[in-house]
Structures are given as C-alpha cells and as structure tokens.
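Asks: For the record, in the first sequence the residue sitting at position 23 is 345 according to this note's numbering, with numbers rising by one throughout.
Where is the CB? At the ideal position from N, CA and C, for every residue including glycine.
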Amino acid sequence: MRIAVAPGPDGTAWLSTVDGQPRFVADLAAEVRAAHPDTRWIWPDTAACYPALLAAGARVARCHDLALIEGLLSGHDGHWGEPRSLAAAVARLDGRPVPADPEPVTHDPRLQPALFDHAPPAERSTMDDVLRVHAAQQKRIAEIGDRGAFATLCALESAGALIAAEMSHTGLPWRADVHRALLAELMGTPLAPGMPPRRLTELAAEISAAFGGRPIHPDLPAEVIKAFAAAGIRLPSTRSWVLKEIDHPAVKPLLAYKELYRIHTAHGQAWLDTWVHNGRFRAEYVVGGVVSGRWATRGGAALQIPRVIRRAVVADPDWVLVVADAGQLEPRILAALSGDRRLGEVAAAGDLYAALAAEAFDGDRDRAKLGLLGVLYGQTSGQAGQLLPVLRQRFPAAIDYVERAAVAGEQGLLVRSGLGRTCPSPSASWWSQTGVDPGAVSVTRDGAGAARSRGRFTRNFVVQASAAEWALVVLAELRRALHEGGLGELVFFQHDEFIVHCPAAQADAVTAAVHAAAERAGDLLYPGVPVRFPMSVATSASYADAK
DNA sequence: TGCCCTGGCGCC
DNA sequence: AAAGGGCGCCAGGGCA
323 MRIAVAPGPD
333 GTAWLSTVDG
343 QPRFVADLAA
353 EVRAAHPDTR
363 WIWPDTAACY
373 PALLAAGARV
383 ARCHDLALIE
393 GLLSGHDGHW
403 GEPRSLAAAV
413 ARLDGRPVPA
423 DPEPVTHDPR
433 LQPALFDHAP
443 PAERSTMDDV
453 LRVHAAQQKR
463 IAEIGDRGAF
473 ATLCALESAG
483 ALIAAEMSHT
493 GLPWRADVHR
503 ALLAELMGTP
513 LAPGMPPRRL
523 TELAAEISAA
533 FGGRPIHPDL
543 PAEVIKAFAA
553 AGIRLPSTRS
563 WVLKEIDHPA
573 VKPLLAYKEL
583 YRIHTAHGQA
593 WLDTWVHNGR
603 FRAEYVVGGV
613 VSGRWATRGG
623 AALQIPRVIR
633 RAVVADPDWV
643 LVVADAGQLE
653 PRILAALSGD
663 RRLGEVAAAG
673 DLYAALAAEA
683 FDGDRDRAKL
693 GLLGVLYGQT
703 SGQAGQLLPV
713 LRQRFPAAID
723 YVERAAVAGE
733 QGLLVRSGLG
743 RTCPSPSASW
753 WSQTGVDPGA
763 VSVTRDGAGA
773 ARSRGRFTRN
783 FVVQASAAEW
793 ALVVLAELRR
803 ALHEGGLGEL
813 VFFQHDEFIV
823 HCPAAQADAV
833 TAAVHAAAER
843 AGDLLYPGVP
853 VRFPMSVATS
863 ASYADAK
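This is how it looks when you write it as structure tokens:
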C-alpha cells in the first residue's frame with residue numbers, strides 16, 4: 323500500500339492514496355502510527371519530514387523519497403547534481419524553468435535553530451504535485467528496462483534516508499568524560515582556557531629549538547618549508563610522508579605535533595562541547611550527496627573519527643556495541659561484478675589478499691594487496707604498476723572490467739554501478755581541455771592528464787558505487803531484522819562498517835542478524851555468484867576494543 | 001566582515 | 001615502498 327504525503331507545518335499534512343481523494347490531517351504522526359506497518363510513504367524529502375515524525379514516536383518502514391529518486395533519475399540521464407526538490411521535479415514535468423534547490427535545513431547545533439518555522443502551509447495542490455511526480459518517476463524507472471535493478475536502487479536509497487534520520491535521532495553513545503580524559507592524556511590540559519593544550523606548546527618549542535631557536539608556527543606549511551630551506555633542505559610540501567624521509571631533529575616533534583594538532587582542532591574540546599550532548603553524538607548523515615552513493619555527513623566529522631578517539635564510544639551500562647566490518651569489500655565487489663571466475667575463487671576465501679598472494683604472488687600478502695588496490699584506484703606507476711601484468715594474466719575478466727570503465731571515462735562516457743547509479747558527466751572545461759570533443763582545437767598535456775584522471779575516477783566509481791549499494795542492502799536488511807526481533811538500535815554506519823547498540827544478552831542474536839544481512843545482500847545483488855562477503859563482527863563495551 | 005581557495009590529514 | 005579513488009573539516013591567506 324502506498325500513501326502519498328504533502329507535509330505542512332506543525333505536524334499537519336495532506337494524505338492520499340495513489341488514486342484516492344486527498345484528505346487533510348492535523349497530526350501526521352498519529353496517522354503514521356495508526357497505518358499498516360508495511361505502508362510505503364511517498365513524500366518529497368525524508369530528511370525534511372522524518373525527524374519530526376521520529377520525535378513524535380512515529381516510525382516508518384518504507385518510503386519513496388521523491389527528491390532522492392529524482393536525483394538518481396537525473397544522474398542516470400547524465401545530469402548529476404541538478405535540482406531535485408519537489409518544485410524542481412514539477413517544473414521539469416511542466417517544461418518550466420527549474421528552480422535551484424533550497425539550502426538544506428541543517429540541525430547543526432552551532433547555527434541558530436530555525437527549524438519547522440519555514441514549512442509552507444500544506445496545500446491540496448502540493449498533493450497533486452506529489453502524485454504527479456511520483457507517477458512520472460515510476461514511469462521513468464520502468465522505462466530504464468533493467469529488470470528492476472534501478473527500482474531496487476530507488477528503494478534502497480529511500481531506505482537509506484530513513485535509516486540516516488533514525489541514526490541521527492538515536493545518536494552514537496559517547497562518553498564525554500572518557501573523551502576528556504583521553505585528550506588530557508594525549509596532550510595535557512591547557513594552561514588557561516582557550517589556550518592550546520600544553521603538549522602542543524611544548525612540541526612547538528622543541529621544533530623551534532631544532533631550527534636553532536627561530537620561532538615557528540608548525541601549523542603553517544610555508545613557515546616550515548622556509549625553516550627547512552634555511553637548514554639546507556628543500557621540501558616540495560610538509561606532508562607527513564615527505565617529512566618522514568628527512569633526517570633532521572625537527573622532524574620527530576613536527577610529526578608528533580601534526581598528529582596531536584589534528585586531534586585538537588578536529589576532535590578536541592571544542593568538538594566535544596558542540597557535538598556531544600546527553601551522552602550521544604548526533605551526526606547528521608547526508609544521503610544522496612556523494613556521487614558514488616556513499617553517505618556524507620554535515621558537521622561533526624562523523625565519518626572521520628580518529629582511531630584513538632573511538633575509545634570514547636562506549637555502550638550504556640549492561641549494553642554492548644556489536645561492531646561489524648565487511649572486510650575487503652571492494653575487491654570482492656569487483657570479483658562479483660566482473661564475474662571473473664578465478665578472482666571469484668579467491669574471493670571465496672575469508673582473507674582475500676592471502677588467497678590472492680597464494681595464487682599469484684608467492685604468498686606475499688602485502689604485494690597482493692598493493693597490486694589489487696592499484697587496480698581499483700588506477701595506479702600504473704611504481705610497485706603497484708609492476709604487479710599489474712601478473713594480475714591481468716591471472717584475472718583477465720576482472721582487469722578488463724575496470725579498464726573498460728576507465729576507457730569509457732577517458733572518452734567522456736558515463737559508467738554505472740551494478741544497480742544503475744550513474745557517474746556525473748564531464749564538465750564543459752573537461753571537454754575543451756581534453757579535446758575528446760571533436761570540435762576542440764588541440765589536446766594539451768594537461769588535457770591528456772585530465773582524461774586519464776577521469777578514467778581513474780570512472781574505474782573506481784563502478785566498484786565504489788557497487789560496494790556502496792551492497793552496504794545499503796546490508797543496512798536495510800539489518801534494520802528490518804533488528805526491528806522485527808526487537809533487538810537494539812543501529813547507531814553508526816561508515817561505508818563498510820556497522821555498529822549496533824544492544825543489551826548484552828542480545829549480542830549473539832544481533833551478530834547472527836549481521837551475518838544474515840550480509841548473506842542476503844550478496845544473494846540479492848549477485849545471485850548465483852560464488853563470491854563471499856564475510857563480516858568480521860566483534861562485541862565489546864567500547865568501539866576502540868572492537869578491532 | 002564574509003567568501004573562496006589551498007594545504008594538510010582524518011576516515012573508507 | 002608509493003603517493004592513486006571518494007569524502008569533510010580545520011586553519012590560514014587572499015580578496016572584495
């Protein structure tokens with residue numbers, strides 16, 4: 323059963339079945355709570371309307387997110403990033419100028435909360451728009467003619483939007499006291515509020531001393547390069563891997579400073595004060611913002627939590643964190659996508675790189691890993707490049723798969739994930755720069771570089787985007803299983819990693835649900851393909867102990 | 001003052 | 001050992 327929703331302010335809405343009469347409701351949350359649980363809700367924008375429903379205790383099992391699906395359809399047509407709001411979709415249908423999308427409503431606690439005040443009044447005509455856009459999207463999805471793959475992608479993307487809102491609502495358990503103790507242990511406490519932590523000050527002094535006492539700001543690359551030049555060392559940059567090659571007494575404190583400074587600025591006390599409240603870190607996930615279908619976050623850097631800081635992620639008393647990680651996901655996806663039989667056999671192993679090493683690299687796991695990652699990222703030089711011929715000879719179908727994607731990209735063509743998520747078209751400047759466009763004047767060396775660069779992007783896209791949709795299936799299956807079993811709560815998702823927070827007694831059931839979800843994802847996306855997608859699952863009180 | 005760019009680096 | 005795919009965030013600098 324599908325029910326269309328045109329949300330208004332203060333929890334009001336117009337509701338309609340796909341072919342019925344619209345009716346006004348004063349309390350959308352009450353309607354949702356009373357509706358059949360399998361209802362698929364058709365609405366303009368999950369991120370805009372679902373948080374308020376969750377706050378009112380109304381959970382939704384399934385939805386059709388018109389904005390996200392408009393974005394997927396535009397992308398499929400080669401117009402990634404075009405406006406996708408309900409207003410834009412209607413204008414597109416009517417052949418009118420398409421308005422730009424409004425700025426997303428943010429829940430960033432640093433900004434003044436201005437939520438819910440701006441919602442336009444619910445109008446009956448908005449319901450007409452919802453129904454028209456929905457019907458048009460259904461037609462476009464059907465016309466793609468890929469036996470339902472793209473429709474699956476649309477359902478997954480919508481499910482992802484629900485899960486993202488639910489995880490933001492729930493929050494990741496976060497112990498501010500543990501975090502503060504960790505910061506003090508790593509870098510000492512500031513001498514005064516607002517001053518840098520003590521250890522940073524000390525390291526800065528050590529660095530200055532190593533340069534003969536000249537005062538230096540270690541966080542200004544230009545100053546560091548100048549200081550090294552004065553000592554007779556010319557550096558192309560101050561990146562840590564460059565510094566590691568240098569023999570100079572300033573290098574050691576400089577590297578230590580960079581590491582701590584990063585933690586201080588990105589996940590220090592200021593971050594803690596801003597983002598952690600009442601024992602939870604509420605990240606704002608952004609679905610549909612990354613070309614490959616991975617999620618992003620807005621504020622809070624939820625997908626870049628440094629390993630040392632993960633010690634602050636601690637389960638509630640008598641609860642545990644079940645941390646699941648899909649190991650070596652992208653090479654396995656390549657094996658499944660390409661149907662390469664030999665790589666599939668390698669990918670049937672628990673440790674893909676070890677099996678690959680045994681098969682083709684005399685048991686050298688590091689070289690096997692380096693070579694395969696080089697294939698995924700398009701590295702042709704250096705050691706990874708040298709390993710390519712071996713891989714091509716052993717796994718021709720897999721190598722061919724990514725190289726076709728690379729060639730298509732260099733020619734300005736579009737490539738797609740397994741379910742049809744589509745990469746962006748090249749920019750206008752790319753066409754003129756590369757000379758791929760026959761009307762262009764000449765190909766510069768920069769142009770050739772730009773073409774190869776796009777080839778690396780499309781090569782990686784087909785794998786990364788297909789991996790992202792596999793992870794979405796896992797997420798959706800896991801969410802369903804947890805809800806049906808009354809098991810815990812999903813609290814974190816990061817590309818190929820999933821965290822469930824649950825009572826300790828449920829840990830085994832949750833672990834089983836994770837494995838089942840991974841298996842179902844493989845069966846759904848790659849039926850009959852022998853590739854395995856093993857999950858490593860660990861249960862512990864702290865995220866830091868789970869790896 | 002605000003905006004955009006760069007360098008650098010955290011995560012996958 | 002080598003430096004390639006996707007992101008977001010911070011600080012600082014240049015500019016209007």
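What residue does the beta strand (DSSP E) around P825 start on, and which one ends it?
Replies: For the purposes of this step, residue 825 is taken as the residue at position 503 of the first sequence. Where P825 is concerned, the enclosing beta strand (DSSP E) stretches over 819-825.
Asks: Which term fits Q755, buried or exposed, when burial requires 16 or more other beta carbons within 10 angstroms of its beta carbon?
Replies: By 1-based counting over the first sequence, the position of residue 755 is 433. Per the 10 Å Cβ criterion, buried.
Asks: When burial is assigned at 16 or more other CB atoms within 10 Å of the CB, is D684 buried or exposed?
Replies: Along the first sequence, read from residue 1 onward, the residue named residue 684 stands at position 362. The residue is exposed, with fewer than 16 neighbouring Cβ atoms inside 10 Å.
Asks: Is the separation between the beta-carbon of L582 and that of R629 shorter than 9 Å?
Replies: What you label residue 582 is simply residue 260 of the first sequence in a count that begins at 1. What you label residue 629 is simply residue 307 of the first sequence in a count that begins at 1. No, these two residues do not count as a Cβ contact at 9 Å.
Asks: Identify whether M323 lies in helix, strand or coil by the three-state DSSP scheme.
Replies: Taking the first sequence and counting its residues from 1, the one referred to as residue 323 is at position 1. Correct three-state label for M323: coil.
Asks: Tell me whether the stretch 559-574 and the stretch 527-544 touch, counting them as touching only if at least three CB pairs, one residue from each stretch, are closer than 8 Å.
Replies: Touching, yes.
Asks: If you drop the 5 nearest sequence neighbours on each side, which residues of the same chain put their C-beta closer than 7 Å to that of K461?
Replies: For the purposes of this step, residue 461 is identified with residue 139 of the first sequence, where counting begins at 1. Closer than 7 Å at the Cβ level, and outside the excluded window around K461, lies no residue.
Asks: Who pairs with L522 in a beta bridge, going by DSSP?
Replies: The sequence position of residue 522 within the first sequence is 200, counting from 1. Partner(s): none; L522 has no beta bridge.
Asks: Classify G561: buried if its beta carbon has 16 or more other beta carbons within 10 angstroms, exposed otherwise.
Replies: For the purposes of this step, residue 561 is taken as residue 239 along the first sequence, with counting starting at 1. Checking the sequence shown, residue 561 turns out to be Arg, not Gly. So R561 counts as exposed.
Asks: Quick one: grab the DSSP three-state call for D499.
Replies: The residue you call residue 499 lines up with position 177 of the first sequence. Correct three-state label for D499: helix.
Asks: Which residues in the same chain have their Cβ closer than 7 Å to the Cβ of A868, if we skip the five residues on either side of it in sequence?
Replies: Here residue 868 refers to the residue found at position 546 of the first sequence. Same-chain partners within the cutoff: L643, V645, A860, S862.
Asks: Using DSSP with H/G/I as helix, E/B as strand and the rest coil, what is Y848?
Replies: The count along the first sequence starts at 1 and reaches residue 848 at position 526. In this structure, Y848 counts as coil in the three-state DSSP scheme.
Asks: Counting only runs of 4+ residues fully inside the stretch 651-726, write out the alpha helix (DSSP H) ranges in chain order.
Replies: Listed in chain order, the complete alpha helix (DSSP H) runs (minimum 4 residues) inside the stretch 651-726 are 651-660, 663-668, 674-682, 687-699, 704-716.
Asks: Pull the bridge partners of V645 from the DSSP assignment, please.
Replies: Numbered from its first residue, the first sequence carries residue 645 at position 323. In DSSP, V645 forms a bridge with I821, A860.
Asks: Short check: CB of A613 to CB of P746, under 9 Å?
Replies: Within the first sequence, the letter at position 291 stands for residue 613. Within the first sequence, the letter at position 424 stands for residue 746. This sequence places Val at residue 613; Ala is not what is there. Their beta carbons are under 9 Å apart, which means V613 touches P746 by this criterion.
Asks: Would you be able to state if there are at least three C-beta pairs under 8 Å between the stretch 447-460 and the stretch 724-731?
Replies: Result no; under three Cβ-Cβ pairs closer than 8 Å.
Asks: Exposed or buried, what is H358 when buried is set at 16 or more other beta-carbons lying within 10 Å of its beta-carbon?
Replies: Looking up residue 358 in the first sequence gives position 36. Flag for H358 reads exposed.
Asks: Sorted by chain position, which residues of the same chain lie with C-beta nearer than 7 Å to G742's C-beta, five sequence neighbours on each side aside?
Replies: Locating residue 742 in the first sequence gives position 420, where the first residue counts as 1. Answer for G742: H398, I466, D468, A471, F472, L475, listed in chain order.
Asks: When DSSP builds the beta bridges, which residues end up paired with V598?
Replies: In the first sequence, counting from the first residue as 1, residue 598 sits at position 276. Answer is F603.
Asks: Output the boundary residues of the beta strand (DSSP E) element that contains A335.
Replies: Numbered from its first residue, the first sequence carries residue 335 at position 13. Start and end: 335-339.
Asks: Let's test the definition: count the other Cβ atoms within 10 Å of the Cβ of A503 and tell me whether it reaches 16, buried, or not, exposed.
Replies: Sequence index remark: in the first sequence, residue 503 carries index 181 (1-based). Per the 10 Å Cβ criterion, exposed.
Asks: Would the stretch 506-523 and the stretch 823-832 be scored as touching if the rule is three or more Cβ pairs under 8 Å?
Replies: Short answer: they don't touch.
Asks: Would you identify the three-state DSSP class for R774, choosing helix, strand or coil?
Replies: Here residue 774 corresponds to residue number 452 of the first sequence, with the count starting at 1. R774 falls in the helix class under three-state DSSP.
Asks: In angstroms with no decimal places, state the Cα-to-Cα distance between A526 and G810.
Replies: The residue given as residue 526 occupies position 204 in the first sequence. The residue given as residue 810 occupies position 488 in the first sequence. Each residue's alpha carbon lies about 46 Å from the other.
Asks: Do you know offhand how far G330's Cα is from C385's?
Replies: As a working mapping, residue 330 is identified with position 8 in the first sequence. As a working mapping, residue 385 is identified with position 63 in the first sequence. About 18 Å.
Asks: From what residue to what residue does the alpha helix (DSSP H) around L394 run?
Replies: Within the first sequence, the letter at position 72 stands for residue 394. Here the alpha helix (DSSP H) through L394 covers 388-398.
Asks: Rank I547, R663, G649, E606 by C-alpha distance to the C-alpha of A676 and give the top, closest one.
Replies: Counting from one through the first sequence, the residue named residue 676 turns up at place 354. When each option's Cα is compared against that of A676, the closest is G649.
Asks: Are the beta-carbon atoms belonging to D830 and A793 less than 9 Å from one another?
Replies: Position 508 of the first sequence, counted from the first residue, corresponds to residue 830. Position 471 of the first sequence, counted from the first residue, corresponds to residue 793. No, these two residues do not count as a Cβ contact at 9 Å.
Asks: Give me whichever residues DSSP pairs with F814 in a beta bridge.
Replies: Taking the first residue of the first sequence as 1, we reach residue 814 at position 492. In the DSSP output, where bridge partners are listed per residue, F814 has I821.
Asks: How would you write the range of the beta strand (DSSP E) that V347 sits in, first residue to last?
Replies: What you label residue 347 is simply residue 25 of the first sequence in a count that begins at 1. That run of the beta strand (DSSP E) goes 345-347.
Asks: Does the count of Cβ pairs from the stretch 488-501 and the stretch 797-812 closer than 8 Å reach three?
Replies: Judged by Cβ distances under 8 Å, the stretch 488-501 makes contact with the stretch 797-812, as three or more pairs qualify.
Asks: Compute the Euclidean distance between the alpha carbons of Y699 and A669, then round it to the nearest angstrom.
Replies: Within the first sequence, residue 699 is the residue found at index 377, counting from 1. Within the first sequence, residue 669 is the residue found at index 347, counting from 1. Whole-angstrom Cα-Cα distance: 19 Å.
Asks: Using three-state DSSP, classify A357 as helix, strand or coil.
Replies: Numbered from 1 along the first sequence, position 35 holds the residue referred to as residue 357. If DSSP states are grouped into helix, strand and coil, A357 belongs with coil.
Asks: Quick one: using the 10 Å Cβ neighbour count with 16 as the cut-off for buried, is S447 buried or exposed?
Replies: Sequence index remark: in the first sequence, residue 447 carries index 125 (1-based). Exposed, since its Cβ has fewer than 16 Cβ neighbours within 10 Å.
Asks: Taking P495 as the reference, give the member of P639, W563, C371, A477 with the closest Cα.
Replies: Position 173 of the first sequence holds residue 495. Per the Cα distances, P639.
Asks: I need the DSSP call for T619, collapsed to helix, strand or coil.
Replies: Locating residue 619 in the first sequence gives position 297, counting from the first residue. Note: T619 maps to strand in three-state DSSP.
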